[in-house]
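For reference, the structure discussed in these notes is given below.
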Amino acid sequence: MAFNRAADEEERLKALRRERFSNTEGEQRFKRMVDERAKRRQKLNEEGSIDNKSSLTEARKIIGTCTLMCPVFEREERELKKSLALQEVFPGTRKADPAKTVKTFHRSAAGNEEPLPEDLRTADTLIQTLDYLVNSVIAQDQTLQSCHGF
Numbered sequence: 016m017a018f019n020r021a022a023d024e025e026e027r028l029k030a031l032r033r034e035r036f037s038n039t040e041g042e043q044r045f046k047r048m049v050d051e052r053a054k055r056r057q058k059l060n061e062e063g064s065i066d067n068k069s070s071l072t073e074a075r076k077i078i079g080t081c082t083l084m085c086p087v088f089e090r091e092e093r094e095l096k097k098s099l100a101l102q103e104v105f106p107g108t109r110k111a112d113p114a115k116t117v118k119t120f121h122r123s124a125a126g127n128e129e130p131l132p133e134d135l136r137t138a139d140t141l142i143q144t145l146d147y148l149v150n151s152v153i154a155q156d157q158t159l160q161s162c163h164g165f
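All letters in the sequence shown, in the order written, are residues 16 to 165 by this note's numbering.
Right, here's the structure in full:
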């Protein structure tokens, strides 16, 4: 009898793990986004709107078009990889709240592709993001304990 309970508990934990780490609908949606993004990058390269030049003197000026605090592609990717901060999700879920999700810092590195215009926020959106971080996130925790990692 004890063996059955232990086996049942093990199966229950396995089912929870499968549920936690599987996201087939989200994975399929993200794969479509990756494919669409590759086509968009190719088109922009062909138009000469972006390039992957390594020299600053050869690089083209790129203008950001994202009006969200976090670009859609990054938000989907982070939700799929479960790398959202507590402050960025709907309460009691692991689903990204578009009104609270903020683009993460990425250090530029050799070999990285140039960001697409939709990955870069507009000047107004950068101001909106800073206002949100200072007036909403930091203001809720003056000690910065809960938001330090965010």
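For every residue, glycine included, the Cβ atom is placed at its ideal position computed from N, Cα and C.
Can you tell me the Cα-Cα spacing of residue i and residue j, whole angstroms?
i      : j      : result
Gly79  : Ile142 : 14 Å
Asp146 : Glu129 : 27 Å
Thr82  : Arg75  : 21 Å
Thr108 : Leu101 : 9 Å
Thr140 : Asp23  : 51 Å
Val49  : Leu131 : 12 Å
Val149 : Arg27  : 42 Å
Run through the DSSP bridge pairs and tell me what residue i is partnered with.
i      : result
Arg11  : No information on residue 11 is available, as it lies outside the stretch 16 to 165 that the chain covers here.
Ala111 : Val104
Considering only residues of the same chain and omitting the five flanking positions on each side of residue i, which have a CB-CB separation below 6 Å?
i      : result
Arg93  : Leu99
Asp156 : Cys162
Along the chain, where does the alpha helix (DSSP H) containing residue i start, and where does it finish?
i     : result
Leu95 : 87-95
Just to confirm my understanding: we take residue i, look at its own chain, exclude 5 residues before and 5 after, and list those with CB closer than 7 Å. What are they?
i      : result
Val104 : Lys110, Ala111, Asp112
* Asked: What are the start and end residues of each continuous beta strand (DSSP E) run of 3 or more residues lying completely inside the segment 40-64, in chain order?
  -> none
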